[in-house]
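In order, the protein sequences belong to chains A and B. For the first sequence, the numbering used here gives the first residue as 33, with consecutive numbering after it. For the second sequence, the numbering used here gives the first residue as 616, with consecutive numbering after it. C-beta: ideal position from N, C-alpha, C; glycine also. Single-structure report; data block below.
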Amino acid sequence: MLSVELLKHFPGFTLDVCWQAEEGVVALFGPSGAGKTLTLQCLAGLARPDGGQLKVRGRVIYDSIRGVNQAVRDRRLGMVFQGYALFPHMTVRENIAYGLNREARGVREQRTSEMLDRLGLGEVRDLRPAALSGGQQQRVALGRALAVDPDLLLLDEPLAALDSPLRRALREDLRVALRGFGKTAIVVTHDLAEACQLADQIVVYDRGRVLQSGPKEQVLARPVSPAVAGVLGIRNVLNGRVIESTPEFIRLAWRGHELLAANWREAPDRPAPGAGVGFFVRPENIRLMRKDRQGPAGERRTNLVSGTVVGETDLGAVVALHFVAHGEGSPPARGYDLEIEVSKLVYQKLCVDYDRDWTVAIQPSAVQLLPGR
Amino acid sequence: MNPAVTISLQVAGLATLLTVCTGLPLAWLLGRHRFPGRTLLETTLVLPLVLPPTVLGYYLLVLVSRQGPVGALLDSWGIELAFTWKAAVLAAYVGSFGMFTRAAEAGFELVDGRLEQAARTLGRSEWSVFWTVTLPLGWRGVVAGTMLAFCRAVGEFGITLMVAGNIPGRTQTIPLAIYDQVQANRLGAAHQLSLLTMIVVAILLIFVGRLTGSRAPG
Numbered sequence: 033m034l035s036v037e038l039l040k041h042f043p044g045f046t047l048d049v050c051w052q053a054e055e056g057v058v059a060l061f062g063p064s065g066a067g068k069t070l071t072l073q074c075l076a077g078l079a080r081p082d083g084g085q086l087k088v089r090g091r092v093i094y095d096s097i098r099g100v101n102q103a104v105r106d107r108r109l110g111m112v113f114q115g116y117a118l119f120p121h122m123t124v125r126e127n128i129a130y131g132l133n134r135e136a137r138g139v140r141e142q143r144t145s146e147m148l149d150r151l152g153l154g155e156v157r158d159l160r161p162a163a164l165s166g167g168q169q170q171r172v173a174l175g176r177a178l179a180v181d182p183d184l185l186l187l188d189e190p191l192a193a194l195d196s197p198l199r200r201a202l203r204e205d206l207r208v209a210l211r212g213f214g215k216t217a218i219v220v221t222h223d224l225a226e227a228c229q230l231a232d233q234i235v236v237y238d239r240g241r242v243l244q245s246g247p248k249e250q251v252l253a254r255p256v257s258p259a260v261a262g263v264l265g266i267r268n269v270l271n272g273r274v275i276e277s278t279p280e281f282i283r284l285a286w287r288g289h290e291l292l293a294a295n296w297r298e299a300p301d302r303p304a305p306g307a308g309v310g311f312f313v314r315p316e317n318i319r320l321m322r323k324d325r326q327g328p329a330g331e332r333r334t335n336l337v338s339g340t341v342v343g344e345t346d347l348g349a350v351v352a353l354h355f356v357a358h359g360e361g362s363p364p365a366r367g368y369d370l371e372i373e374v375s376k377l378v379y380q381k382l383c384v385d386y387d388r389d390w391t392v393a394i395q396p397s398a399v400q401l402l403p404g405r
Numbered sequence: 616m617n618p619a620v621t622i623s624l625q626v627a628g629l630a631t632l633l634t635v636c637t638g639l640p641l642a643w644l645l646g647r648h649r650f651p652g653r654t655l656l657e658t659t660l661v662l663p664l665v666l667p668p669t670v671l672g673y674y675l676l677v678l679v680s681r682q683g684p685v686g687a688l689l690d691s692w693g694i695e696l697a698f699t700w701k702a703a704v705l706a707a708y709v710g711s712f713g714m715f716t717r718a719a720e721a722g723f724e725l726v727d728g729r730l731e732q733a734a735r736t737l738g739r740s741e742w743s744v745f746w747t748v749t750l751p752l753g754w755r756g757v758v759a760g761t762m763l764a765f766c767r768a769v770g771e772f773g774i775t776l777m778v779a780g781n782i783p784g785r786t787q788t789i790p791l792a793i794y795d796q797v798q799a800n801r802l803g804a805a806h807q808l809s810l811l812t813m814i815v816v817a818i819l820l821i822f823v824g825r826l827t828g829s830r831a832p833g
């Protein structure tokens with residue numbers, strides 16, 4: 033159980049947030065400069081708030097009214113810094129053992145070895161951080177923080193220092209590691225996919241305030257305000273029902289159409305047939321089907337939806353089309369189902385300005401299920 | 616060996632030790648913290664490097680002579696400072712202190728503050744953070760400062776002459792001995808001492824250059 037109530041003033045910026053979290057992974061999500069990292073620093077004791085109260089598992093670590101302000105070293109928190117801040121003059125083993133200096137030597141060595149094994153760092157135990165890959169450095173940083181068995185784990189953009197393909201690959205490893213931690217872990221991120229995959233709870237930050245805080249499904253499926261939707265950057269959030277669920281794909285029913293979504297979820301996390309499920313499609317991942325080429329035999333197309341363009345927004349190089357699907361039910365309150373981005377060139381070539389009836393194709397890999405549990 | 620060489624090594628060695636012990640906390644303070652009066656403190660440290668040594672020597676003498684406030688106090692304890700080897704150490708110390716502090720401060724400034732923060736979050740005290748993170752990462756500046764301080768202490772002339780005098784076999788260090796020998800037209804002996812000093816200082820400076828030239832950590 034974690035309770036955060038913070039007030040901190042800077043010239044031109046005020047952090048004024050209040051949120052709670054249970055055990056599990058909490059993502060602080062929002063644009064840069066929203067105050068996410070500052071919140072971590074206040075929790076860790078690296079920045080001093082102007083007011084508020086911080087409580088970790090029933091222990092008050094900061095309270096402006098009662099004058100409590102625990103020293104950093106007494107807070108029993110593990111922190112994974114952005115860029116990791118590994119000690120460059122120590123080996124992997126020494127880095128991980130660093131916080132265990134008060135333990136007896138045997139205990140220290142045993143816990144260090146356990147952590148090295150658990151994170152698969154046994155082979156590089158005697159190397160310095162500079163000799164490690166980005167992924168290994170990230171695990172050392174995690175191991176160093178976890179070794180002291182902290183009451184709360186704080187991770188500041190834990191994957192931001194990595195290249196994008198590696199980042200995606202390591203997200204799953206990090207998710208498993210955070211699940212294994214068992215207490216509250218806070219991850220600061222501005223990557224929605226990262227927040228989705230890692231977190232149970234999302235706290236949406238914007239300009240020093242919390243716009244929404246709640247279970248991830250709730251925040252993603254039902255943003256409380258346009259501001260939240262804006263921060264989340266989601267434009268085509270839809271709700272469907274699961275028809276079929278296999279390890280490879282999930283078939284959905286939506287507005288009388290069948291949509292196929294590529295699946296990336298392991299069995300227990302996979303939505304069951306009959307369940308309602310939220311999903312979203314990025315506007316740039318929807319394609320207009322060219323009418324002159326439609327229908328040749330042998331061309332397999334999935335996820336075809338016919339409908340009408342009812343409006344558009346010129347975004348410069350691209351045009352965002354407002355598309356209403358033909359089929360059961362009616363579009364949401366905004367008046368259309370999908371926002372579709374096409375390049376200006378395609379827009380002109382296909383004469384979309386007067387030809388309004390189209391069939392669109394959505395790549396199964398672009399249909400993103402909003403996580404179940 | 617020329618007694619001046621022995622005296623110089625003892626005086627400069629002792630002065631350097633004193634400088635490192637007292638300068639290290641100050642260098643850490645200046646290199647790792649922002650506080651009111653910091654600029655004033657830094658200026659005070661540079662002052663001995665730019666003031667004429669005789670001016671420093673004069674004020675130091677006023678302080679430590681038997682009539683001076685510090686000298687009188689020491690005298691009451693039976694300690695005589697002015698015109699003894701202790702005064703030579705004091706002179707070398709005053710001359711080299713700023714030199715060491717500036718270099719060590721520069722070394723500490725290069726240490727990534729987040730590493731110290733990481734150490735604190737792992738339960739370490741400020742004292743422990745200094746010895747396990749700040750110093751092991753900023754040691755180049757400290758060692759460079761120590762060598763520079765030693766060179767400066769060996770080369771100290773003006774302050775030494777003012778407060779410790781030029782007593783052969785007691786307070787006469789290498790620079791004073793060289794001056795005496797030139798005055799007495801013993802140019803060969805002057806050359807011997809000069810060459811020796813130059814070689815030692817040059818070697819130390821090469822080490823300093825290597826330490827401060829490459830910024831690789833560890």
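- One finds 121 in chain A with Cβ atoms closer than 8 Å to the Cβ of residue 751/B, taken in chain order.
- An exposed status is given to residue 276/A, since fewer than 16 other beta-carbon atoms sit within 10 Å of its beta-carbon.
- Between residue 130/A and chain B, the shortest Cβ-Cβ separation is below 8 Å.
- Residue 180/A belongs to the set of residues whose beta carbon lies under 8 Å from a beta carbon in chain B.
- Counting along the chain, residue 83/A sits inside the beta strand (DSSP E) bounded by residues 83-88.
- No Cβ of chain B is located within less than 8 Å of the beta carbon of residue 42/A.
- Around the Cβ of residue 93/A, a 10 Å sphere holds 16 or more other Cβ atoms; the residue is buried.
- In the three-state DSSP reduction, residue 218/A falls in the strand class (E or B).
- At a cut-off of 8 Å, the C-beta of residue 213/A has no neighbouring C-beta in chain B.
- When C-beta atoms of the stretch 364-375 of chain A are compared with those of the stretch 338-347 of chain A, three or more pairs fall below 8 Å, so the two segments count as touching.
- In the displayed model, residue 317/A falls within a helix according to three-state DSSP.
- For residue 179/A, the enclosing alpha helix (DSSP H) has its first and last residue at 166-179.
- Taking a cut-off of 8 Å on C-beta distances, the stretch 694-703 of chain B touches the stretch 665-682 of chain B, as three or more cross pairs fall below it.
- Among the residues facing chain A, residue 815/B is not included, as its CB has no counterpart in that chain under 8 Å away.
- Distance from the CA atom of residue 265/A to the CA atom of residue 80/A, rounded to whole angstroms, is 32 Å.
- Residues of chain B with a Cβ closer than 8 Å to the Cβ of residue 242/A do not exist; the shortest Cβ-Cβ separation is about 24 Å.
- For residue 745/B, there is no enclosing beta strand (DSSP E), as DSSP gives it neither H nor E.
- Contact annotation, residue 392/A with residue 350/A: C-beta distance approximately 15 Å; criterion of less than 8 Å not satisfied.
- Residue pairing by DSSP places residue 241/A opposite 238/A in a beta bridge.
- Residues 642, 643, 646, 647, 749, 753 and 756 of the same chain have their beta carbon placed closer than 7 Å to that of residue 723/B, with the five preceding and five following residues left out of the count.
- Taking C-beta separations shorter than 7 Å and ignoring five residues to either side along the sequence, the partners of residue 784/B in its chain run 618, following chain order.
- Linking residue 54/A to residue 185/A through their CA atoms gives a straight-line distance of about 13 Å.
- In the three-state scheme derived from DSSP, where H, G and I count as helix and E and B as strand, residue 765/B is classed as helix.
- For residue 101/A, the secondary structure class from DSSP, reduced to helix, strand or coil, is strand.
- For the C-beta of residue 718/B, not a single chain A residue is nearer than 8 Å; the gap to the nearest is close to 20 Å.
- Taken through DSSP and simplified to helix, strand or coil, residue 694/B comes out as coil.
- DSSP places residue 292/A in the strand class (E or B) of the three-state scheme.
- At a C-beta separation below 9 Å, residue 732/B has these neighbours in chain A: 73, 76, 78, 104, 111, 113 and 117.
- Taking a contact as a CB-CB distance under 8 Å, the pair residue 773/B and residue 628/B does not count as one, their CB atoms being some 20 Å apart.
- Judged by DSSP secondary structure, residue 682/B falls outside any alpha helix (DSSP H); it is assigned neither H nor E.
- For residue 357/A, the closest C-alpha among the options 66/A, 100/A, 389/A and 313/A is that of 389/A.
- By the criterion of a C-beta distance shorter than 7 Å, residue 167/A is surrounded in its chain by 194, 198 and 202, once the five residues flanking it on both sides are discounted.
- Separation of residue 321/A and residue 62/A (C-alpha to C-alpha, rounded to the nearest whole angstrom) is 35 Å.
- Residue 230/A sits away from residue 172/A, with the two beta carbons spaced by 8 Å or more.
- For residue 95/A, the uninterrupted beta strand (DSSP E) run begins and ends at 91-95, by DSSP.
- In the three-state reduction of the DSSP assignment, residue 136/A falls in the coil class, being assigned neither a helical nor a strand state.
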